[in-house]
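Residue numbers in the sequence shown follow the numbering used here, run continuously in steps of one, and reach 326 at the last position.
Built from N, CA and C at the ideal position, the CB exists for glycine as well.
Contents: one structure, followed by commentary.
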Amino acid sequence: MARLYRANGSLRAWGALSRHAALRLCGRRVPAFLHIEPTRRCQCQCVHCCVPSCEATPSDELSLAEIRTLLDQARALGILQVIFTGGEPLLRDDTDEAVRSAHRAGLLTRVNTNGVLLSRERAQRLREAGLTEAAVSLDSADAATHDRLRGHAGAFHAAVQAIHHLRAVGIQARVQVCATPDNTPDGVRALIALARQLGAHSVRILPVRAAGRWAETGRGGLADEALAALRSLQDVRFVGVELPTEQSVCAALRRQSLSIAPDGGVTVCPAVPFAMGNVRRHPLAAVWRAHGEAPLRLYRGNCPLNDPVTFAALREHANAVADRLP
């Protein structure tokens, strides 16, 4: 985290970190991360995507003005980092301005991208807007395999070029890997080697979740043996795995994060389809308070979406939060 603050270079961001720490010392539960999906539109059709194959139209998406209001609320709540995700957030031309507003509010910023639209010029605009970090998705070290999994010809070349562009303009570049039964563990090892070769600052491995298109295939999450193999690849200096141990609880269940869908729905995670409220009707702080009051079962070692019992518990929690809102 300190690396990101140094890269960000904003005194307001350091001030936000101090305030966040003070709130926690006073016993306040405050979120650290906010995911914002400006859109769920995308050029790719990834088989493992956690977004359903049919989604909202652009007319449902939050406007830039609404996103700016949300960012002000996020800063007031004590959030440290905003992650613009999707969908492909760079399909919206005003994502650059949303990044600028977040940076001015003292928030660390990250964009999750497939790299298709991340030209050198766009990377420079994002750098000037204050983008701290970008996570570029790579599914295979083999170009043909990556393009097939993404359903988009040229996606591999675009992702590799995007990493070069990010490094050229001085934005921290992370490689983000979705681990499925088809690429674990050998394919992930090859991606880690490729990320080092490209000069990425880190690799983040996300085990596949039973949501969206992947759930539509009828396939579940990784077996325990595959998760163990992924965890063996961890390197504190370069490779991180979501849920790094069998006893780990995800940030959403630890109540460290919130996610905002394109239509303003508030969920615990971008992959979770159950909205607890909507920022078009309720202040973010009100949803957060209700989220903290409602019971939420902890589930260790795997994504709760990958288990029918905890999947149902997430739905029940969202309903309980909604019932607490006016």
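Range of the contiguous alpha helix (DSSP H) that encloses His35:
Residue 35 sits at position 35 when you count from the first residue of the sequence shown. Element bounds for His35: not the alpha helix (DSSP H) but the beta strand (DSSP E), 33-36.
For a test of the three-state rule: what should DSSP assign to Glu133, helix, strand or coil?
Within the sequence shown, numbered from 1, the residue matching residue 133 stands at position 133. Three-state DSSP puts Glu133 in a strand.
Going by DSSP, what residues sit across from Leu258 in a beta bridge?
For the purposes of this step, residue 258 is taken as the residue at position 258 of the sequence shown. Answer is Leu34.
Go through its chain and collect everything with a Cβ distance to Arg19's Cβ below 8 angstroms, but skip five positions before and after it.
Against the sequence shown, residue 19 aligns to sequence position 19. For Arg19, where only same-chain residues beyond five positions count, the Cβ hits under 8 angstroms are Gly78.
Looking at Gly221 and Arg204, is the spacing between their C-beta atoms short of 8 angstroms?
Against the sequence shown, residue 204 aligns to sequence position 204. Against the sequence shown, residue 221 aligns to sequence position 221. No, the pair does not count as a contact, with Cβ atoms beyond the cut-off.
Cβ shell of Val257 (< 6 angstroms), same chain only, five flanking positions each side left out:
Residue mapping note: residue 257 aligns to position 257 of the sequence shown, counting from 1. For the sequence presented, residue 257 should be read as Ser rather than Val. Taken in chain order, the residues that qualify are Pro31, Phe33, Ala251.
Out of Val239, Leu71, Asp224, state which residue places its alpha-carbon closest to the alpha-carbon of Arg174.
What you label residue 174 is simply residue 174 of the sequence shown in a count that begins at 1. Taking only the C-alpha atoms, the option nearest Arg174 is Val239.
Quick one: is Ala162 buried, meaning 16 or more other Cβ sit within 10 Å of its Cβ, or exposed?
Residue 162 sits at position 162 when you count from the first residue of the sequence shown. Counting Cβ neighbours within 10 Å, Ala162 comes out buried, since at least 16 surround it.
Identify the residues that DSSP records as bridge partners of Ile205: which are they?
Sequence index remark: in the sequence shown, residue 205 carries index 205 (1-based). Note: Ile205 sits in a beta bridge opposite Val177, Val241.
In its own chain, which residues sit with a C-beta less than 7 angstroms from the C-beta of His165, not counting the 5 before and 5 after it?
Working through the sequence shown from its first residue, we reach residue 165 at position 165. For His165, where only same-chain residues beyond five positions count, the Cβ hits under 7 angstroms are Leu118, Ser119, Arg120, Ala123.
Counting C-beta neighbours from all protein chains within 10 Å, is the total for Leu108 16 or more, i.e. buried, or is it exposed?
Translated into positions along the sequence shown, residue 108 becomes position 108. With 16 or more other Cβ atoms within 10 Å, it is buried.
Assuming Asn183 and Asp147 are in contact, meaning their beta carbons sit under 8 angstroms apart, how far apart are those beta carbons, in whole angstroms?
Numbered from its first residue, the sequence shown carries residue 183 at position 183. Numbered from its first residue, the sequence shown carries residue 147 at position 147. Between Asp147 and Asn183 the Cβ distance is about 14 angstroms, and since that is not below 8 angstroms, they are no contact.
Counting only runs of 4+ residues fully inside the stretch 67-148, write out the alpha helix (DSSP H) ranges in chain order.
95-104, 120-129
Going along the chain, which residues of its own chain have a beta-carbon closer than 7 angstroms to the beta-carbon of Val279, five neighbours each way excluded?
Taking the sequence shown and counting its residues from 1, the one referred to as residue 279 is at position 279. Leu70, Ile260, Gly264, Val266.
Can you list, in chain order, the residues of its chain with a C-beta nearer than 7 angstroms to that of Glu293? Leave out the 5 residues immediately preceding and following it.
If you number the sequence shown from 1, residue 293 lands on position 293. So the qualifying residues of the chain are Arg324.
Mapping DSSP to helix, strand and coil, what is Gly277?
Counting from 1 along the sequence shown, the entry for residue 277 is found at position 277. Looking at Gly277 - three-state DSSP - the assignment turns out to be strand.
From what residue to what residue does the beta strand (DSSP E) around Gly212 run?
What you label residue 212 is simply residue 212 of the sequence shown in a count that begins at 1. Per DSSP, Gly212 belongs to no beta strand (DSSP E); it is in the alpha helix (DSSP H), 212-216.
Reference Gly86; option with closest CA among Arg104, Ala135, Arg219
As a first step, residue 86 must be located in the sequence shown, where it is residue number 86. Among Arg104, Ala135, Arg219, the Cα nearest to that of Gly86 is on Ala135.
What does the alpha-carbon distance come out to for the pair Leu131 and Val99?
Indexing the sequence shown from 1 puts residue 131 at position 131. Indexing the sequence shown from 1 puts residue 99 at position 99. Distance between the alpha carbons of Leu131 and Val99 is about 6 angstroms.
Proximity to Gln247 [Cα-Cα], best of Gly15, Cys49, Arg231, Arg255
Residue mapping note: residue 247 aligns to position 247 of the sequence shown, counting from 1. Here the closest residue by C-alpha is Arg231.
Taking Gln172 and Glu216 to be in contact with their CB atoms under 8 angstroms, please state how far apart those CB atoms are, rounded to whole angstroms.
Counting from one through the sequence shown, the residue named residue 172 turns up at place 172. Counting from one through the sequence shown, the residue named residue 216 turns up at place 216. No, Gln172 and Glu216 are not in contact; Cβ-Cβ is about 34 angstroms, not under 8 angstroms.
Would you mind stating whether Ala141 and Leu194 have Cβ atoms separated by less than 8 angstroms?
If you number the sequence shown from 1, residue 141 lands on position 141. If you number the sequence shown from 1, residue 194 lands on position 194. Yes, the pair counts as a contact, with Cβ atoms nearer than the cut-off.
Helix, strand or coil at Val51 according to DSSP, with G and I counted as helix:
Within the sequence shown, the letter at position 51 stands for residue 51. It is coil, neither helix nor strand.
By Cβ distance, which residues of its chain are closer than 6 angstroms to Ala102, with the 5 residues on each side in sequence left out?
In the sequence shown, the residue the question calls residue 102 occupies position 102. Only Leu71, Val82, Thr109 meet the Cβ criterion.
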